[in-house]
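Protein chains in written order, with this note's numbering: chain A, 1 to 67; chain B, 1001 to 1258.
Even for Gly, the Cβ is constructed at its ideal location relative to N, Cα and C.
Notes to accompany the following structure.
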């Protein structure tokens, strides 16, 4: 198992888990989120190849109103 | 009257922000009343159990206006670059309103981080709309970095103080005659928008002054008219101020006989 941080939460995932798997487990359609791992943008089509490691910090962003 | 930015020709010189409206319905009505063709949007870190998204996003897309995502909340170039890339994927546009804040109280842009982020994003194919101060040298550095337009502040974001330094804004207009200039932030009333347009600015970006009005829809229309009027006045040629009175009714010479 690995421990990662997802936004403000901590969670455990299986070794070898991908960012795509993490995003698929969330309550939003994968295309409705943008993702970054350890501060670097990970494009939608790269999530499957992005294997998470212990201690990774994943951020997901969603569209909002803005000025 | 049209304005070309990033290869896109706009008939409206009114960029409208979408934050802080009393309801999505009021926002929709205000967008319609404004006639805007550029609306700003943002991204935020998703919170667990967060509310429904999608509906607003769909509405914004359906408006048919160009989306201008921002990098609000970023304090470093690295953060801003990451958020800009996310925004490009999420909103399907290479336009980015680049905000890199250097002071929490004034939300004043950090010129050093801003230029660094602008350079990186411009080289990555973004059309960078940098939110900057009215400092001429910083603006020149942003242009060197690959920006093709500039968005200097009128006053701190959300303050509604109007154009605090019209002299600096006039200098920018004078020194950068061919660069599209958009006053972003600080505009509090339609009068401020007229002021910006009469200085020769190409457009204004307004959010709080519309969103926080008692009647945002009416205020959006007021700004629309003000911006059109200010621009028309600028293009028509504003008379030179005189130190003393100059009699309007001729008592000599050859007046038109009615």
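List the residues of chain B whose Cβ lies closer than 9 Å to the Cβ of residue i, in chain order.
i                     : result
residue 44 of chain A : 1089
Helix or strand or just coil, what does DSSP make of residue i?
i                       : result
residue 7 of chain A    : coil
residue 29 of chain A   : coil
residue 1177 of chain B : coil
residue 1086 of chain B : helix
residue 1005 of chain B : strand
residue 1132 of chain B : strand
residue 1205 of chain B : strand
residue 951 of chain B  : The structure shown has nothing for residue 951 of chain B, since chain B only spans 1001 to 1258.
residue 1104 of chain B : coil
residue 1148 of chain B : coil
residue 1197 of chain B : helix
residue 52 of chain A   : coil
residue 18 of chain A   : strand
residue 1057 of chain B : helix
Are any of the Cβ atoms in chain A nearer than 8 Å to that of residue i?
i                       : result
residue 1133 of chain B : no
residue 1102 of chain B : no
residue 1038 of chain B : no
residue 1193 of chain B : no
residue 1207 of chain B : yes
residue 1171 of chain B : no
residue 1119 of chain B : no
residue 1046 of chain B : yes
residue 1018 of chain B : yes
residue 1224 of chain B : no
residue 1086 of chain B : yes
residue 1042 of chain B : yes
residue 1106 of chain B : no
For a contact defined as C-beta to C-beta under 7 Å, what are the partners of residue i on chain A?
i                       : result
residue 1057 of chain B : 63
Residues of chain A with a CB under 9 Å from the CB of residue i: which are they?
i                       : result
residue 1070 of chain B : 66, 67
residue 1082 of chain B : 36, 39, 40, 41, 59
Cβ of residue i less than 8 Å from any chain B Cβ?
i                     : result
residue 59 of chain A : yes
residue 22 of chain A : no
residue 33 of chain A : yes
Could you tell me which chain A residues have their CB closer than 8 Å to the CB of residue i, listed as they occur along the chain?
i                       : result
residue 1078 of chain B : 39
Would you say residue i and residue j are within 8 Å of each other, going by their C-beta atoms?
i                       : j                       : result
residue 1172 of chain B : residue 1164 of chain B : no
residue 1187 of chain B : residue 1162 of chain B : yes
residue 1094 of chain B : residue 1088 of chain B : yes
residue 16 of chain A   : residue 51 of chain A   : yes
residue 1121 of chain B : residue 1100 of chain B : no
residue 1016 of chain B : residue 1002 of chain B : no
residue 1042 of chain B : residue 65 of chain A   : yes
residue 1149 of chain B : residue 1179 of chain B : yes
residue 1151 of chain B : residue 1124 of chain B : no
residue 1116 of chain B : residue 1156 of chain B : no
residue 12 of chain A   : residue 3 of chain A    : yes
residue 1260 of chain B : residue 1169 of chain B : Given that chain B is displayed from residue 1001 to residue 1258, the structure contains no residue 1260 of chain B and the question cannot be resolved.
residue 1204 of chain B : residue 1227 of chain B : yes
residue 1090 of chain B : residue 63 of chain A   : yes
residue 1193 of chain B : residue 1206 of chain B : yes
Name, in chain order, the residues that DSSP records as bridge partners for residue i.
i                       : result
residue 12 of chain A   : A:3
residue 1137 of chain B : Answer by DSSP bridge pairing: none, since residue 1137 of chain B is not bridged.
residue 1183 of chain B : B:1204
residue 41 of chain A   : A:36
residue 1241 of chain B : None, per the DSSP bridge assignment.
residue 1043 of chain B : A:63
residue 1014 of chain B : B:1204
residue 1098 of chain B : B:1130
For chain D, is any of its Cβ atoms less than 8 Å away from the one on residue i?
i                     : result
residue 36 of chain A : No chain D is present in this structure, whose protein chains are A and B.
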